[in-house]
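Heads up: the structure comes next, in structure tokens.
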Amino acid sequence: ARKNCTVILGCRNKSKGELVVQKIQEETGNNKVECILLDLNDLKSIKNFAEIFLSKYDQLHILINNAGTIATGGFQRSKDGFETTFATNVIGPHYLTVQLLPILEKSMPSRIVNISSSLYAAIIMLLSSELDRRLKAKGANNLYVNTTDPGSAKTQPYYTYINKGSIMDKFLSLIFVSVDEGALTHLYLATSPEVEEQNIHGEYYIPTAKRSKPCSSYTKSEKEAKKAWSAVEKLLKEKIPDYPGARI
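Heads up, the sequence shown is in the numbering used here, so the first residue is 2 and it goes up one at a time.
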């Protein structure tokens with residue numbers, strides 16, 4: 002926003018999202034910031050978001066799949082019947098990305114940054130790798146897909162368990178970083194000229210802006226990436242009768 006870009010926030014809670022939009026506008030002086038309702042736990046909401054976005058905009062240069070959750074209080078299902086954490090962190094971002102792929106390709110050079118965590122990194126890395134492979138196969142070499150783990154950051158769930166300013170909070174500051182610090186690698190992959198200059202594709206980055214070697218050969222396996230892609234696509238087709246599949 003500080004670079005005068007048009008910024009669209011996909012927010013599950015519209016009223017809270019509008020407050021964030023107002024704060025960004027006040028701090029940056031950029032009025033080209035908008036909130037559109039988006040619940041990654043709900044496939045219908047994802048489709049509606051994509052339709053609204055595509056009706057209003059004809060370009061998309063950066064997609065950051067930043068939502069993440071950890072279900073507490075036992076097993077929970079999404080509106081579509083998926084386990085909640087899996088729906089929000091894996092199924093939802095994949096479906097959203099597929100809906101927006103045509104405009105991302107049209108807007109090249111463009112980028113997709115997928116946010117993962119140690120809890121579900123493997124599946125995100127596999128899906129990112131397969132998407133990147135498919136894009137290269139069709140000649141879309143200027144659409145850069147990468148994954149990052151923000152590390153231990155003091156996001157909202159952190160303060161669900163820890164009182165801000167408490168002794169424990171100060172002690173954990175030795176391990177946890179601020180939200181701003183946690184977002185630096187996201188911003189690097191989304192905006193740094195080095196991504197294009199160094200042709201950074203299908204990589205996994207950790208704080209701060211460091212390329213990480215896979216902890217297992219499994220996450221770099223083309224065979225496993227294809228299997229993960231097919232499995233997620235199959236789940237979407239089971240839940241969305243008219244879903245044609247990812248057209249890539």
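Beta carbons: idealized from backbone N, C-alpha and C, even for Gly.
Just so it is clear, the structure is predicted and the values come from calculations on it, not from any experiment.
Just reading off the beta strand (DSSP E) that residue i is part of, what are its end residues?
i	result
G11	8 to 12
V114	111 to 116
T148	144 to 149
V333	The requested residue 333 does not occur in the structure, where the chain is confined to residues 2 to 249.
E35	34 to 38
May I ask you to report which of helix, strand or coil DSSP gives residue i?
i	result
N90	helix
R135	helix
E204	coil
N66	strand
A154	strand
K17	helix
K238	helix
K214	coil
Since I believe residue j is in contact with residue i (beta carbons under 8 Å), could you give me their beta-carbon distance rounded to a whole number of angstroms?
i	j	result
I9	I37	6 Å
K238	Y244	5 Å
T148	M126	5 Å
S153	V178	7 Å
A229	L128	6 Å
What residue range does the alpha helix (DSSP H) around residue i cover?
i	result
L61	Premise fails: L61 is in no alpha helix (DSSP H) and is neither H nor E.
F172	168 to 173
Y189	185 to 192
E198	195 to 198
What's the C-alpha gap between residue i and residue j?
i	j	result
I249	V196	23 Å
K1	V34	Any question about residue 1 goes unanswered here, given that the chain covers just 2 to 249.
D59	N164	44 Å
I104	L61	6 Å
V233	S218	21 Å
N14	R135	34 Å
Y189	G82	35 Å
R212	H202	11 Å
I93	N115	Correcting the residue type first, residue 93 is Gly in the shown sequence and not Ile. Each residue's alpha carbon lies about 12 Å from the other.
K57	L39	16 Å
A184	P242	37 Å
A51	I113	15 Å
L101	A247	10 Å
K80	T7	31 Å
N49	E106	20 Å
E19	H95	25 Å
T209	S117	15 Å
D150	P194	20 Å
Task: Contact the segment 51 to 68 vs the segment 21 to 30: 3+ CB pairs below 8 Å - done: no
Open item on the list: Across the segment 83 to 103 and the segment 116 to 132, are there enough close Cβ pairs to call them in contact, namely three or more that are closer than 8 Å?
Closed with: Contact holds: three or more Cβ-Cβ distances are below 8 Å.
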